[in-house]
Each structure stands twice: as structure tokens, then as C-alpha cells.
Amino acid sequence: MRANRWMGKGVVEVGEVPDPQILSPRDAIVKVTSTAICGSDLHMYGGYIPTMEKGDVVGHEFMGEVVEVGSATGNLRVGDRVVVPFPISCGACTQCVRRNYSLCENSNPNAGMAEKVMGYSPAGIFGYSHMLGGFAGGQAEYVRVPFADVGPLKIEHDLTDEQVLFLSDIFPTAYMGAEMCDISPGDVVAVWGAGPIGQLAVASAYLLGAGKVVAIDRFDYRLRIAQEKAGAIPVNYEEQDVKEALLDITAGRGPDAVIDAVGMEAHHHVGAINAYDKVMQAVKLEPDRAGALRDAVLNVRSGGVVSVVGVYGGFVDKFPMGAVVNRSLTLRSGQCHTHRYMQPLLDRIVAGEIDPSFVISHRMSLDEAPRGFEMFREKEDGCNKIVMTP
């Protein structure tokens with residue numbers, strides 16, 4: 001079969017790889033009908049995610065048709081149409097029972113590698129390094145799905161792939177980011193990063209009762225989507241003072257909650273700190289650039305909530321912990337417990353409350369993946385979200 005493979009920093013190639021096989025009674029094989037390039041794929045593409053190996057099949061946002069099932073996968077049948085969540089979860093460990101699916105204690109066969117970096121291991125993830133399991137990803141014609149009896153969500157409605165594909169990751173991630181804000185009716189929420197997750201976080205915050213949601217970014221086309229499709233108040237941090245804008249919007253108090261939807265490759269509006277972060281990251285003294293996170297902490301109102309769904313992989317420098325402690329801030333974060341949100345968010349899509357496909361800007365074949373990665377990284381042609389079909 002054909003698949004998109006990581007071949008080194010800044011290089012992906014589509015080529016032939018062995019077809020996946022059933023390895024466990026709880027496995028299923030899914031024929032991919034739609035897959036997407038995620039912003040967190042760019043961290044891997046840029047060489048910021050350790051333990052990638054040449055030839056690894058990438059991608060963790062995908063859906064398709066079940067073509068083979070293991071003997072213990074009784075909930076699925078050949079022909080079922082499914083969306084597959086990006087974390088791999090056993091459904092039976094302590095964390096899964098608590099519905100903390102991205103913390104599954106059984107799905108990462110390389111847990112020891114993750115423990116050296118993080119203390120304990122999170123769940124395995126499709127197509128995202130050997131530290132997180134070394135599982136082949138979804139930018140391929142076929143995928144082996146472990147623990148398929150608890151992961152994939154069957155789509156039995158007459159909805160297009162594009163309407164439901166993002167239940168695999170970015171819609172639940174954005175919604176969880178908003179949910180962690182503990183939004184009360186009328187609250188003001190500020191979202192750092194107006195990419196697809198940021199745009200869906202804006203929409204999710206409104207679904208949860210926010211009165212105003214501010215989107216902060218430097219790319220006008222992303223801010224325009226956030227404003228026109230999700231109702232955000234746009235703030236371009238290269239053209240406006242973010243602090244002044246937020247104080248003006250909130251009558252001098254600051255937003256009630258903030259969401260970091262940027263993560264480890266943040267760009268900062270202040271040249272000196274931006275240069276510092278890039279140098280520290282280049283010499284591997286600071287794995288993650290935390291400009292958006294710092295700004296979020298310093299701009300939320302006292303007693304407010306800082307929700308972090310942007311991907312971080314290691315350590316950050318110059319983190320304003322004094323602000324967290326002295327202003328009684330609540331810091332919440334996590335890889336999305338996707339399984340928890342898929343059915344409720346599907347119900348919202350079916351009810352017509354939201355159509356997540358508004359984030360899509362480009363459609364390509366799988367063979368165009370290398371060009372898609374380059375376009376997405378360089379923000380060419382208004383590239384917001386790419387969906388690919390094998």
C-alpha cells in the first residue's frame with residue numbers, strides 16, 4: 001500500500017510500505033477514506049518531536065471503512081464506516097475507567113522511553129514517534145487500529161467525511177480546551193492561535209456559553225476565518241497591543257479564561273524574546289518555545305483559568321510561575337481524551353449546531369502530501385487545513 005513516511009527533518013515522502021495485518025484479536029484494519037494534516041504534525045515535520053525514525057508512517061487524523069476485524073472486536077463489522085480517535089486506549093485500565101483516555105496505561109509498548117522524558121507514559125498515538133508507541137499512522141491507504149473495540153466511532157448518519165473527520169482530533173481537542181475553561185454564561189475567553197484548533201476552540205467556547213471570544217494571531221486569513229465562521233473578535237498581535245485590546249474588550253479586567261492553542265513553536269510579538277526562544281531551541285537548551293503560553297498567563301484576569309491544548313513536548317524557559325501563584329490562576333492541560341467527546345460532538349453535528357468542515361481550505365490526494373506539508377508549514381495560499389484522500 002501507499003503511505004506518507006517521515007524521512008527526516010523537513011522531509012516526508014509517499015511510497016510503498018507493507019500492508020497492515022491483524023496482530024491481536026482486538027485489532028481492526030481500516031481502509032482510509034479521508035485523512036488530514038494536523039498542526040502537531042508540523043512539530044514532527046520540523047524535527048521537534050524526538051524518537052522519530054526514517055520511514056515512519058505519519059498522521060493521526062483519519063477515518064474510513066472497516067475491512068477486517070479481529071475475533072474479539074465484536075462491536076465492529078466489515079463495512080462499518082468509522083472515525084478513529086488519535087490516542088490509542090485499552091478501555092479497561094484505571095485511567096480509561098476514569099475516562100482519561102489519552103493517559104491509557106496499556107497502549108504504549110514503549111512506555112519506558114516516554115517515562116525518561118515525562119516521568120510517566122501517556123497513551124500510544126498513531127503516527128507520532130516511537131516514544132508514543134511507534135504505531136503506523138493514518139496518512140496511508142490502510143491502518144491497523146489496536147483496541148478497536150473501544151476506539152473507533154461508527155458513523156451511521158448521512159454525513160460527509162469532511163463533516164465528521166475532525167472528531168478524530170481537532171474538534172474534541174478544541175472543545176476540551178474550552179470545557180477546561182469552566183465557562184459561565186457571558187464569560188470572555190481569549191484564544192491564542194487562530195489555526196484550525198483555535199478556530200474550533202472559539203466555536204466551542206460559544207457552544208458552552210461564552211459571551212465574547214477573542215482570537216489572537218498574526219495571520220489575517222486565519223483571523224478572518226475565526227471571525228466569519230466562528231464569531232471571534234480578531235486581534236492581530238503584530239498590529240495591535242494585545243494587552244490593551246483585551247483590557248478594552250473586558251472593561252479593564254482581563255479575560256475570564258484563556259486557551260493556548262499554539263504550543264511548542266510559538267512566535268512572539270516582541271523581537272527580543274522571540275529571538276531568545278529560537279536560539280535556545282536551536283541549541284537544545286529549550287525544547288519548546290512558549291511565547292503564547294507566557295502571554296496567556298500574563299493576560300488572563302486574576303483568578304482566571306489558563307487552558308493549554310497546544311502541543312508541548314519537553315521544557316519551557318522563563319515561565320511566569322509567579323503570576324500563576326500570586327494571582328491564583330488555574331492551569332489546566334492535557335492531550336485530548338478524544339473518546340470522551342466523540343459521540344456528544346457527533347450529536348451536535350447531527351443537530352446542526354456546528355459543521356467543523358469550515359476549517360478546510362485545501363483538498364489533495366495522498367500522493368500530494370509532501371507538497372501539503374510544505375504549504376501548511378509556510379502558510380502558502382491561505383492554507384488553513386488540508387484534507388487528503390488515498
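Heads up: the sequence shown begins at 1 in UniProt numbering, then just goes up one per residue.
The beta-carbon is built from N, C-alpha and C at its ideal position, and this holds for glycine as well.
Could you check if residue i is buried or exposed, using at least 16 other CB atoms within 10 Å of its CB as the buried criterion?
i    : result
N108 : buried
R34  : Looking at the sequence itself, residue 34 is Ser, so the reference to Arg does not match. That one is buried.
G157 : At residue 157 the sequence reads His, which differs from the Gly that was named. Exposed, since its Cβ has fewer than 16 Cβ neighbours within 10 Å.
D19  : exposed
F373 : buried
A92  : exposed
Q199 : buried
V279 : exposed
G291 : buried
D381 : exposed
D187 : buried
G133 : buried
V189 : buried
G112 : exposed
L23  : exposed
G138 : buried
Note down, in chain order, each residue of its chain lying with its Cβ closer than 7 Å to the Cβ of residue i, except the 5 sequence neighbours on either side.
i           : result
R26         : G70, A72, T73, P146, F147, A148 and D149
K385        : A36, P196, V359, I360 and S361
C383        : S361, H362, M375 and F376
D241        : none
Y175        : S204, Y341 and L345
V311        : S40, H43, G263 and M264
L223        : A194, A215, D217, P234 and N236
residue 394 : This structure gives no information on residue 394, because the portion of the chain shown stretches from 1 to 390.
Q335        : P87, S102 and P122
E105        : C93, T94 and Q95
E353        : L207
For residue i, which residues in the same chain have their Cβ closer than 6 Å to its Cβ, ignoring the five residues on either side in sequence?
i    : result
G209 : I183 and P185
V11  : none
G303 : S328
K31  : G64, E65, V67 and Y142
Since residue i and residue j are thought to touch, with beta carbons under 8 Å apart, how far apart are those beta carbons, to the nearest angstrom?
i    : j    : result
P85  : G177 : Between G177 and P85 the Cβ distance is about 16 Å, and since that is not below 8 Å, they are no contact.
F62  : V164 : About 12 Å separates the two Cβ atoms, so there is no contact after all.
N4   : V67  : In fact, because the Cβ distance is near 20 Å, the residues do not count as touching under 8 Å.
I125 : I88  : 7 Å
M321 : R289 : So it is not a contact: roughly 17 Å between Cβ atoms.
L76  : A140 : About 19 Å; that fails the 8 Å criterion.
G127 : A136 : 7 Å
A230 : V202 : 4 Å
Who does residue i pair with in a DSSP beta bridge?
i    : result
G8   : V11
F62  : T35 and V84
Y142 : K31
D260 : W192 and V308
N236 : D217
K16  : The amino acid occupying residue 16 in the given sequence is Glu; Lys does not appear at that position. R2, per the DSSP bridge assignment.
I249 : Bridge partners of I249: none, in fact.
V387 : A36 and R363
G124 : I88
R289 : E265
R332 : S307
V57  : R5
V135 : The question names Val, but residue 135 is Phe in the sequence shown. DSSP, once it has assigned bridges, lists F126 as partnering F135.
L153 : V83
V69  : A28
K212 : V188
Leaving out the 5 sequence neighbours to the left and right, which residues in its chain are closer than 8 Å to residue i when beta-carbon positions are compared?
i    : result
S307 : G177, A178, M180, C181, A257, V258, I259, D260, R332 and S333
G15  : R2, A3 and R5
S129 : M44, I49, P50, T51, M52 and D56
G119 : none
Report whether the distance from the Cβ of residue i to the nearest heavy atom of the ligand MG is below 6 Å.
i    : result
V188 : Within the structure as shown, the ligand MG is missing, as the structure has no ligands at all.
**Message:** Across the region 94 to 111 and the region 159 to 173, are there enough close Cβ pairs to call them in contact, namely three or more that are closer than 8 Å?
**Reply:** no
**Message:** For the region 324 to 338 against the region 239 to 254, do three or more pairs of beta-carbon atoms, one drawn from each stretch, fall closer than 8 Å, so that the two count as touching?
**Reply:** no
**Item:** Contact the region 290 to 301 vs the region 237 to 248: 3+ CB pairs below 8 Å
**Value:** yes
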